[in-house]
Amino acid sequence: MYWEKEFECMDRDDLEQLQLERLESTLSRVQLNVPFYRRKFDELGIDTDTIRSLEDLRRLPFTTKDDLRDNYPYGLFAVPLREVVRVHASSGTTGMSTVVGYTQNDIRKWSNLVARVLTAGGVTKDDVVQISFGYGLFTGGFGLHYGAERLGASVIPMSSGNTSRQIKIMQDFKSTALICTPSYALLMAETIYEMGININSLSLKYGLFGAEPWSEEMRKDIQDKLKIKATDNYGLSEVMGPGVASECLEQNGLHMNEDHFLAEIINPDTLEPVPPGELGELVITTLTKEAFPVIRFRTRDLTRLITEPCPCGRTFRKMERIRGRTDDMLIVKGVNVFPSQIESVLFNVEGTEPHYQIIVEKKGALDHITVLVEVSEEIFFDEMKKQNELIGVIKSRLGSELGISVDVKPVEAKTLERSEGKAQRVIDKRNI
Ligand code: DLL
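If you count the sequence shown from 1, position 364 lands on 363 in numbering that gives the first Met the number 0, and the numbers rise without skipping.
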């Protein structure tokens, strides 16, 4: 049920004491070893010795992805390369990639935190864990791999791609847990049905999905199709990779591993903390990392902290599933729209397939959204009237959910690109 109960169920006062001690030692280490932080603190006249409480953290400057890029590749490492045993890089979807490093100790702690994620999602040493995240510079494959080995599970290092082979292995090796992005899980489910395999003949019980935003409706769909219990887990390479926060089997928010990470939620415009429980940008400070500590890293991910305690017994605070990234947020006629909101609506409309793409264009001075959605074959080819009705339903539901009108274009089933990793939901044509 727990991997490290003594931490995961810690008394909150003890936790805060531990966080403060770890924060102080992280600050003195970056001050000593990373010229970038030393300079920044000096410029702002901050003496890290005067940071005496967790609230004092607010006096420190933020670190951004641009800071990481400006120091490419090793400029923010806090140890000499000789002590670094692993290097990863971010996927670089929003620009040049950023490089991160790990000491032997970092890898040990990382594996432990991922073992927590797996345990919280129902996986034990008796499971056969199929890891279908990409192995390589991306932290997903190796991160989950080391965590699953640490747990003592039998690990199948599949990596992503070659979907029919994934499914053959899943059958033959009797995989009980599947680990990948939610969009890839959906593609696998689809492929299993296409291959005519009886889902009940598989041994799958759990799915741990992450690395991209997904909706509650998509969770339900994956759970129904694969007949598993699916949990969400969150992380980012700049902070560590997977293992930062994850759901327990309550499936109602992700516990932040607070003994290793300090989370704040800020208003991305004013940069001030939001009142407890309000939506804002997640900012993370690492408390134990040796090679690549980050101070107040702006994740650009939007979420809110859940203040109620969790019935699972863990005392670590939960955050709601990530709503989306600030860079993915579309502003149409002054209204903020996230792809995940569109997804929630589409999953509830009968006759649509769970695949969509959002095209954003400029029409005159205004941004305009067209949602491409796959519809079932008979509706696409045979029944014009039904097709028009369906479009009408989607448009009106999107209109009432989002508060703006969007165009909806039906496309034939299986024509939108499928994803084996992170799905690209938004095609932004505004700057082309
Ligand atoms: O995606 C690390 C990871 C791997 C997490 C495997 C979970 C499982 P990056 O490639 O650096 O690292 O991308 C990090 O992905 O800032 C979020 O925008 C997004 N993201 C990650 N997990 C989730 C999630 C990995 N569960 C970026 N829900 C983050 C929504 C997520 N978005």
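Even for Gly, the Cβ is constructed at its ideal location relative to N, Cα and C.
Quick one, are the C-beta atoms of residue i and residue j less than 8 Å apart?
| i | j | result |
| --- | --- | --- |
| Ser159 | Phe132 | yes |
| Gly142 | Pro241 | yes |
| Leu67 | Thr97 | yes |
| Glu307 | Leu14 | no |
| Ile265 | Leu329 | no |
| Ser202 | Thr175 | yes |
| Ala77 | Phe346 | no |
| Val372 | Phe296 | no |
| Ser153 | Val122 | no |
| Val407 | Lys394 | yes |
| Ile45 | Leu56 | no |
| Thr118 | Leu150 | yes |
| Ala229 | Phe260 | no |
| Ile357 | Arg424 | yes |
Using a Cβ-based criterion (distance less than 7 Å to any ligand heavy atom), does residue i qualify as near the ligand DLL?
| i | result |
| --- | --- |
| Ser214 | no |
| Arg21 | no |
| Leu112 | no |
| Tyr36 | no |
| Phe315 | no |
| Glu433 | Not covered by the structure: residue 433. The range shown for the chain is 0 to 431. |
| Phe40 | no |
| Arg320 | yes |
What residue does the beta strand (DSSP E) around residue i start on, and which one ends it?
| i | result |
| --- | --- |
| Pro353 | 351 to 362 |
| His367 | 365 to 374 |
| Pro241 | 240 to 246 |
| Glu15 | Run containing Glu15: none in the beta strand (DSSP E); it sits in the alpha helix (DSSP H), 11 to 32. |
Excluding the 5 residues preceding and the 5 following residue i in the sequence, name in chain order all residues of the same chain whose CB lies nearer than 8 Å to its CB.
| i | result |
| --- | --- |
| Pro156 | Ile130, Tyr134, Gly140, His144 |
At a cut-off of 7 Å, is residue i close to the ligand HEM when judged by its beta-carbon and the heavy atoms of the ligand?
| i | result |
| --- | --- |
| Asn232 | With respect to the ligand HEM, the structure offers nothing, as its ligand set consists of the ligand DLL. |
The alpha helix (DSSP H) spanning residue i covers which residue range?
| i | result |
| --- | --- |
| Gly193 | Per the sequence shown, residue 193 should be read as Glu rather than Gly. Element bounds for Glu193: 181 to 193. |
| Gly139 | 138 to 150 |
| Asn161 | No alpha helix (DSSP H) contains Asn161, which DSSP labels as neither H nor E. |
| Met217 | 215 to 225 |
Considering only residues of the same chain and omitting the five flanking positions on each side of residue i, which have a CB-CB separation below 6 Å?
| i | result |
| --- | --- |
| Val115 | Note on identity: in this sequence residue 115 is Arg, with Val being the wrong assignment. Answer for Arg115: Trp2, listed in chain order. |
| Val344 | Arg396, Leu397, Glu400 |
| Pro72 | Val98 |
| Asp126 | Ala152, Thr175, Ala176 |
| Gly312 | Cys8 |
Tell me which residues share the same chain as residue i and place their Cβ nearer than 7 Å to its Cβ, disregarding the 5 neighbours each side in the sequence.
| i | result |
| --- | --- |
| Arg37 | Gln30 |
| Gln484 | Residue 484 is absent from the model: the chain starts at 0 and stops at 431. |
Taking 8 Å as the cut-off, does the region 343 to 353 touch the region 416 to 423 (at least 3 CB pairs, one atom from each stretch)?
The count of Cβ pairs closer than 8 Å, one atom from the region 416 to 423 and one from the region 343 to 353, stays below three, leaving the stretches out of contact.
With a cut-off of 8 Å, do at least 3 Cβ pairs link the region 144 to 152 to the region 185 to 199?
By the Cβ criterion, the region 144 to 152 is not in contact with the region 185 to 199, since fewer than three pairs of Cβ atoms, one from each stretch, lie closer than 8 Å.
Three Cβ pairs or more, each shorter than 8 Å: is that satisfied between the region 282 to 292 and the region 18 to 36?
Contact between the region 282 to 292 and the region 18 to 36 is present, because at least three Cβ pairs lie under 8 Å.
The region 365 to 383 in contact with the region 311 to 321 per 3-pair CB rule at 8 Å:
Between the region 365 to 383 and the region 311 to 321, the count of C-beta pairs closer than 8 Å stays below three; the two stretches do not touch.
Cβ pair count under 8 Å reaching 3, the region 270 to 278 against the region 45 to 54:
These segments do not touch.
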